[in-house]
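Visitor:
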Amino acid sequence: MSYAKQNMEEADASRRKIFIIIALVVALPIAGLVYWVTRSSPQSGPPRLENALRPGSPEFEGIRERVVVEFDPDTDATEGERALGDVVMTMTPTIRNFTRRPINGLELRAIVVDLQGQPVQEKTVVRQVELENNEVTQIPITMEGFKKTDTRANIKIELTGVRFK
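Just so we're aligned: the sequence shown equals residues 0 to 164 in numbering that gives the first Met the number 0.
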C-alpha cells in the first residue's frame, strides 16, 4: 500500500514538473510578444515631401502667394466621436494653383490650437497630386486621438512644401 501511495506521489510530482515547464515555455514567448508590441517605437518625425521648395527659400516665398490654401474651420472641418471615446477631426482645405506651373506634390501642416493659441495636436500630410495651373483640389486631413476635454478653439492649415513637375 505504501509503495502504491509513494508511486502516485512521484507521478503527481513529475506531472506537476511537466505542467510548470510547459507553462514557462508558453508564458515566456507571450511575455516577449507583449513587450515587443507595447514598447514605444522611435519617432521618425513628420513626413516630408522630397525635392520640395520649403519656407525660407526665396522662391518659396513668391510661390506661397500663388498656391492658395483656402480653409474655413466652420465649413471645411468636421468632428465626430468614436466608440473608443476619442474625437476624430476631418479637415478638407481647398488648394488653388495660380503659379503658371504644374504641381505634382504638396505638403501641408494642420495645427489645432486651444484658446491660448497653444497647439493641441498637429499633423503634416504629403500628397502626390497633379495640379495644373488654375486648377483646384481638396486634400482631406484626418486627425485622431483628441480627448473630449481638449479645447479645440481654432484650426490652422499652412503650406510647408511644394514640388513642381
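Virtual Cβ for every residue (Gly too), placed ideally from N, Cα, C. What you are looking at is a predicted structure, and each value in this text was computed from that prediction instead of being measured.
Runs of 3 residues minimum, wholly inside the region 118-152: which ones carry the beta strand (DSSP E) assignment?
Guide: You should have 118-126, 135-137 and 140-145.
Visitor: What do you reckon, are the CB atoms on Asn50 and Arg99 nearer than 9 Å?
Guide: One-based indexing of the sequence shown puts residue 50 at position 51. One-based indexing of the sequence shown puts residue 99 at position 100. Result no, Cβ atoms of Asn50 and Arg99 do not sit closer than 9 Å.
Visitor: Quick check: the Cα distance between Asp85 and Lys16, rounded to an integer number of angstroms?
Guide: On the sequence shown, residue 85 is found 86 positions in, with the first residue counted as 1. On the sequence shown, residue 16 is found 17 positions in, with the first residue counted as 1. Cα to Cα, Asp85 sits roughly 47 Å from Lys16.
Visitor: Check each candidate in Val87, Gln5 and Val66 and name the one with the smallest Cα separation from Leu130.
Guide: Looking up residue 130 in the sequence shown gives position 131. With distances taken between Cα atoms, Leu130 lies closest to Val66.
Visitor: Measuring only the C-alpha atoms, how far is Val119 from Val24?
Guide: Reading the sequence shown from its first residue, position 120 is the one you call residue 119. Reading the sequence shown from its first residue, position 25 is the one you call residue 24. Their backbone Cα atoms lie some 45 Å apart in a straight line.
Visitor: Below 6 Å CB to CB, which residues in the same chain sit around Thr141 once its five sequence neighbours on both sides are set aside?
Guide: The residue labelled residue 141 in the question sits at position 142 within the sequence shown. Only Thr89 meet the Cβ criterion.
Visitor: Could you give the residue range of the alpha helix (DSSP H) that holds Thr74?
Guide: Mapped onto the sequence shown, residue 74 falls at position 75. From DSSP, the alpha helix (DSSP H) with Thr74 extends over Pro72 to Asp75.
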